[in-house]
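Down below is the structure, laid out as structure tokens.
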Ligand code: FEO
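In this note's numbering, the protein residues as written are -16 to 398.
Written as structure tokens, this is what we have:
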């Protein structure tokens, strides 16, 4: 059932859903259940922070209406769009007719399309923006990729409460609101959640920690599990420590054959992105490097990325010859992916993908990435028509970040 309104601190209340079923989530089964924590902040103006899972939207709005006049809600803050938190928004917005939806620009893009909210008034916030509620002040910090692109956290200055949505959460249907009355040490549950949901994005965890470093946080009010009030710094420190535990650098070999320079730019961008995460990269122009050096680097690598331009509907230069030699080697355990820039159809990249499939490396493919990680914005083969000026850097950086995450996770799993 929907939780009763529970006071967290002066003028701040929890109204959420305690879901004590086995909850399927990201191909996991949350056998301890979970909660969807929504919060009310009452000042001269009234704000709701995050909602509940889409399955419980109507129930949530009905319960909320027993505590407050829904038309009096001034703002609905959406920190994270995933439907276990934004799912109550359409039902709430229908009743809270005067409320403006507060979120990041990218969150608006998603919310409008998910819930047909095109006519709704949004208040778009950026890093450091504040919102005066009349006696209380909300401040917002963008925290992209924790764990999706549109996310932010909200800080209530006067009460020193951080509302981080998924971040600092715990997946269990806790019977008590606060961790200090749980009756046991929640550290293990907290760390399990971190490892499953946040650790793959630890580069962004570090960015988030830098943004909140100067905030005086007395209470962390996340959207799953316990509200943390006894020693919130302890939980921040756990994220700090775990996100900085980087293993020994992994190695990558990037081979490319470029015609106009665009495929070379992708290769160099991927190398830069991987190196940012501590991956050691060897990069080769296949038309200039000797086979011995290429093969030696490939055999020492954990990741091999091969790029080609397309000419006459085929891979160019020595691409087929070099990858053909890799097919004669035992490269099991190495992950491989194809990339390239093209001008018309880019058949060369597809042929290269097939050449790589003939090796015994594990091939990166979009379908597998979606099924195993839920990530939809990383494509393999990575194809770019020319180099899209407005998007190329972002796509390349995101792809490199994703690949670094795979390598670093695997290394830690093996440790
Ligand atoms: Fe709890 Fe990313 O949703």
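Quick reminder that beta carbons are idealized off the backbone N, C-alpha and C, glycines included.
DSSP places residue -9 within a strand segment (E or B) once states are collapsed to three. With a threshold of 16 other beta carbon atoms within 10 Å, residue 167 falls short and is exposed. Residue 63 has its CB nearer than 7 Å to a heavy atom of ligand 1.
Per DSSP, residue 79 lies in no beta strand (DSSP E) and is assigned neither H nor E. By the beta-carbon neighbour count (other beta carbons within 10 angstroms, threshold 16), residue 351 is exposed.
Taken atom to atom, the span from the alpha-carbon of residue 22 to that of residue 194 is near 22 Å.
Nearest C-alpha to residue 211 among 173, 322, 104 and 95: 173. Relative to ligand 1, even the nearest heavy atom lies 7 Å or more away from the CB of residue 182.
Counting C-beta pairs closer than 8 Å gives fewer than three between the segment 105 to 112 and the segment -12 to 3, which falls short of the contact rule.
Between the alpha carbons of residue 145 and residue 136 lies a distance of about 7 Å. The beta carbon of residue 143 sits closer than 8 Å to the beta carbons of 198, 199, 200, 201 and 202 from its chain, once the five residues preceding and following it are set aside; these are given in chain order.
The criterion of a C-beta distance shorter than 8 Å is satisfied by residue 189 and residue 226. Judged by the Cβ position, residue 336 fails to qualify as a neighbour of ligand 1 at the 7 Å threshold, every heavy atom of the ligand being at least this far. Short note on residue 68: C-beta closer than 7 Å to some heavy atom of ligand 1. In the three-state reduction of the DSSP assignment, residue 116 falls in the coil class, being assigned neither a helical nor a strand state.
Distances from the CA of residue 241 to each of 312, 329 and 78 were compared; the closest alpha carbon is that of 329. In this structure, the straight-line span from the alpha carbon of residue 205 to that of residue 17 is close to 12 Å. Residue 44 and residue 80 do not touch by the CB rule: their CB atoms are close to 12 Å apart, not below 8 Å. Fully contained in the segment 195 to 230 are the following alpha helix (DSSP H) runs of length 4 or more, in chain order: 215 to 227. In this structure, DSSP gives residue 149 a state outside helix and strand, which the three-state scheme calls coil.
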